[in-house]
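Asks: The structure follows.
Chains as they are written, first to last, in my numbering: chain B, 9 to 261; chain F, 9 to 261.
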């Protein structure tokens with residue numbers, strides 16, 4: 009049985025480094041924690057490299073780990089590699105899956121411009137998954153998708169939803185070339201969303217919490233939409249706006 | 009000019025206590041912080057009792073405070089009464105507005121059963137405001153509406169959106185008696201939401217993050233709805249689900 013007692017162990021130091029974006033980018037790996045996430049991660053092939061279990065942790069009934077290396081660690085080790093206050097005693101190292109837009113042949117895409125809050129990015133990925141989108145494309149200025157708060161907020165959607173970093177301007181050009189309508193979200197020069205017909209293929213573009221979508225991108229879309237504010241709120245949360253629009257635009261065939 | 013230097017001052021101790029639900033309930037007051045929230049709060053009459061400003065804080069251009077007592081405090085004082093890591097240097101004491109459902113004559117109501125996360129409650133109130141709901145009714149087990157995280161997440165909607173604590177079972181009985189349709193949200197015994205017609209009067213009932221709406225309440229509604237999951241997410245965030253349904257159900261007259 010693999011057992012690591014000391015927080016000074018080399019492996020532990022490597023895991024701990026995965027809490028930084030720099031190391032995640034360099035190694036192509038990331039850390040997840042908690043029973044639900046590890047269970048979801050294990051459902052995908054070639055996803056989890058190692059499962060890390062704290063010595064005092066009992067696996068819930070029915071929780072099985074097959075064909076994956078398990079490393080047991082002291083409670084103190086689990087603490088230094090987790091960034092939640094009360095770790096559940098299980099973590100895992102996963103491999104980042106890099107995907108190309110050209111591999112997906114997308115019907116429905118969500119494009120995200122500079123959304124900075126990790127909770128928002130995570131919830132947006134979870135909601136895009138629920139709404140049956142084919143992929144989420146993150147442009148510049150978005151929170152790192154492998155940030156632990158993003159991953160927690162996806163509730164597991166990160167493991168099966170393609171999330172691709174790309175230049176949104178180029179993506180829009182390419183979609184327009186394929187006659188996929190691209191709907192931006194904006195307050196000016198936009199129509200109420202219910203004026204647009206539901207459609208089988210579309211891309212929806214949402215933007216930064218404070219500034220919205222950049223003007224340069226809005227100028228390239230097929231049409232920009234807004235969600236009417238019937239009360240006195242100034243705006244909607246970007247995740248909520250994305251949810252309303254993805255469900256509205258989708259034409260169920 | 010009123011100026012408080014010491015964190016041991018009686019007034020400071022009273023403010024600090026407002027960080028607890030117990031004291032908020034007892035005093036009928038609550039604390040808010042940050043320029044945006046204080047500005048929004050000041051727009052409502054008889055809402056703000058005192059504005060508290062840190063000695064080193066410059067008010068932004070155009071930010072005016074009229075007919076309201078201003079108390080200047082040392083930086084250390086501001087720190088102990090704020091629960092954000094980097095306070096903006098302005099806070100205010102507000103009065104809780106207790107409202108009765110009977111005063112509102114509601115056309116559109118959002119009923120919330122045991123939603124525990126303060127961020128979710130705040131976002132739900134903000135979204136209900138945007139969607140033109142007349143009031144949000146919080147049942148038992150919901151996060152305290154005057155919790156500072158709830159207030160921040162409402163982005164100011166707390167000051168003009170009626171939020172009422174009530175027994176949801178009684179509210180549903182009363183609405184059904186007035187022939188207002190009440191739509192629950194559930195996975196079983198429910199229809200896809202788009203099968204229901206848009207309507208001018210309705211109440212929507214959403215529930216706890218993990219458990220959903222309680223069975224007892226679901227048994228009393230006119231109809232229960234679900235949002236189809238087209239991908240592999242297990243569920244939607246409760247705020248997102250509420251947003252999709254409130255915008256869908258609303259009939260614009």
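The C-beta atom is built at its ideal place from N, Cα and C for all residues, glycine as well.
Tell me which residues share the same chain as residue 11 of chain F and place their Cβ nearer than 6 Å to its Cβ, disregarding the 5 neighbours each side in the sequence.
Replies: Once the five neighbours on either side are set aside, the close Cβ partners of residue 11 of chain F are 80.
Asks: Can you give me the Cβ contacts of residue 253 of chain B inside the same chain, cut-off strictly under 8 Å, excluding the 5 residues immediately before and after it?
Replies: If we look at residue 253 of chain B and ignore the five residues flanking it on each side, its Cβ neighbours are 191, 193, 201, 212, 214, 233 and 235.
Asks: From residue 136 of chain F to residue 143 of chain F, what does the alpha carbon distance come to, in whole angstroms?
Replies: Rounded to the nearest angstrom, the two C-alpha atoms are 8 Å apart.
Asks: What's the gap between the Cα of residue 170 of chain F and the Cα of residue 195 of chain B?
Replies: Computed Cα separation, rounded: 26 Å.
Asks: Are residue 67 of chain F and residue 121 of chain F close, meaning C-beta to C-beta below 7 Å?
Replies: Contact: no.
Asks: So residue 180 of chain B and residue 118 of chain B are in contact, right, with Cβ under 8 Å, and what is the actual spacing, rounded?
Replies: No, residue 180 of chain B and residue 118 of chain B are not in contact; Cβ-Cβ is about 13 Å, not under 8 Å.
Asks: Within the same chain, show all residues whose beta-carbon is closer than 6 Å to that of residue 126 of chain B, passing over the 5 residues directly before and after it, in chain order.
Replies: Same-chain partners within the cutoff: 151, 155, 157 and 158.
Asks: When you compare each of B:48, B:87, B:162 and B:41 to residue 134 of chain B by their alpha carbons, which one comes out closest?
Replies: The candidate whose alpha carbon is nearest that of residue 134 of chain B is B:162.
Asks: Work out the CA separation of residue 244 of chain F and residue 231 of chain B for me, nearest whole Å.
Replies: Residue 231 of chain B and residue 244 of chain F: Cα-Cα distance of roughly 27 Å.
Asks: With DSSP run on the structure shown, which of helix, strand or coil describes residue 85 of chain F?
Replies: In this structure, residue 85 of chain F counts as helix in the three-state DSSP scheme.
Asks: Quick check on the DSSP output: what are the complete beta strand (DSSP E) runs of length 3 or more inside the stretch 118-168 of chain B, in order along the chain?
Replies: For the stretch 118-168 of chain B, whole beta strand (DSSP E) runs of length 3 or above, ordered along the chain, are 143-146.
Asks: When burial is assigned at 16 or more other CB atoms within 10 Å of the CB, is residue 70 of chain F buried or exposed?
Replies: The residue in question, residue 70 of chain F, is exposed, as its Cβ has fewer than 16 Cβ neighbours within 10 Å.
Asks: Where residue 114 of chain B and residue 104 of chain B are concerned, what is the direct C-alpha to C-alpha distance, given to the nearest angstrom?
Replies: Roughly 21 Å separates the two Cα atoms.
Asks: Examine chain F for any beta-carbon lying closer than 7 Å to the beta-carbon of residue 166 of chain B, and answer yes or no.
Replies: Taking Cβ atoms only, chain F never reaches closer than 7 Å to residue 166 of chain B, which makes this a no.
Asks: Return the chain-ordered list of same chain residues with a C-beta closer than 6 Å to the C-beta of residue 132 of chain B, the five sequence neighbours on each side being excluded.
Replies: Answer for residue 132 of chain B: 247 and 250, listed in chain order.
Asks: Name, please, each residue of chain B whose Cβ falls closer than 7 Å to the Cβ of residue 137 of chain F.
Replies: By Cβ distance, chain B contributes 239, 240 and 241.
Asks: Taking the alpha carbon of residue 78 of chain B as the point to measure from, which residue in B:52, B:99, B:84 and B:64 has its own alpha carbon closest?
Replies: Here the closest residue by C-alpha is B:99.
Asks: Which of the three DSSP states, helix, strand or coil, is assigned to residue 115 of chain B?
Replies: The answer is coil: DSSP assigns residue 115 of chain B none of H, G, I, E or B.
Asks: Just to confirm before moving on: does the CB-CB distance between residue 102 of chain B and residue 54 of chain B stay below 7 Å?
Replies: Contact: no.
Asks: For residue 59 of chain F and residue 93 of chain F, what's the separation of their Cα atoms in angstroms?
Replies: The straight-line gap from Cα to Cα measures roughly 20 Å.
Asks: Out of curiosity, what's the CA-to-CA distance linking residue 188 of chain F and residue 229 of chain F?
Replies: So the two alpha carbons sit approximately 10 Å from each other.
Asks: Using the DSSP secondary-structure output, state which residues sit across from residue 175 of chain B in a beta bridge.
Replies: Its beta-bridge partners do not exist; DSSP assigns none.
Asks: Check whether chain F comes within 7 Å of residue 3 of chain B, counting only Cβ atoms and requiring the distance to be less than that.
Replies: Nothing can be reported for residue 3 of chain B, as the shown portion of chain B is limited to 9 through 261.
Asks: Quick one: what does DSSP say residue 248 of chain B is sitting in, helix, strand or coil?
Replies: Here residue 248 of chain B sits in helix by DSSP.
Asks: Using a Cβ-Cβ distance cut-off of 7 Å, determine whether residue 207 of chain B contacts chain F.
Replies: Closer than 7 Å: no.
Asks: Can you list, in chain order, the stretches of the alpha helix (DSSP H) that have 4 or more residues and sit fully within the stretch 37-83 of chain B?
Replies: As far as the stretch 37-83 of chain B is concerned, its whole alpha helix (DSSP H) runs of at least 4 residues are 43-50.
Asks: According to a CB-to-CB cut-off of less than 8 Å, which residues of the stretch 37-51 of chain F neighbour chain B?
Replies: Those residues of the stretch 37-51 of chain F that come within reach of chain B (Cβ to Cβ, closer than 8 Å) do not exist; the list is empty.
Asks: By alpha-carbon positions, which one of F:88, F:47 and F:42 ends up nearest to residue 15 of chain F?
Replies: Checking every option, the nearest Cα to that of residue 15 of chain F belongs to F:88.
Asks: Name the chain B residues that come within less than 8 Å of residue 32 of chain F, Cβ to Cβ?
Replies: Neighbours of residue 32 of chain F on chain B: none; closest Cβ ~24 Å, over 8 Å.
Asks: If you compare alpha carbons, which of B:160, B:112 and B:106 is closest to residue 128 of chain B?
Replies: Checked all of B:160, B:112 and B:106; the closest Cα to residue 128 of chain B is B:160.
Asks: State yes or no: is the C-beta of residue 198 of chain B within less than 7 Å of the C-beta of residue 241 of chain F?
Replies: No, the pair does not count as a contact, with Cβ atoms beyond the cut-off.
Asks: Flag residue 134 of chain F as yes if its beta-carbon sits less than 7 Å from any beta-carbon of chain B, otherwise no.
Replies: Output row for residue 134 of chain F: interface = yes.
Asks: Below 8 Å on the Cβ atoms is my guess for residue 172 of chain F versus residue 109 of chain F; work out the distance and round it to an integer in Å.
Replies: Confirmed, about 6 Å.
Asks: Taking the continuous alpha helix (DSSP H) assigned at residue 196 of chain F, which residues delimit it?
Replies: No alpha helix (DSSP H) holds residue 196 of chain F; DSSP gives it neither H nor E.
Asks: Starting from residue 224 of chain B, trace the alpha helix (DSSP H) in both directions and tell me its first and last residue.
Replies: Unbroken alpha helix (DSSP H) run through residue 224 of chain B: 223-226.
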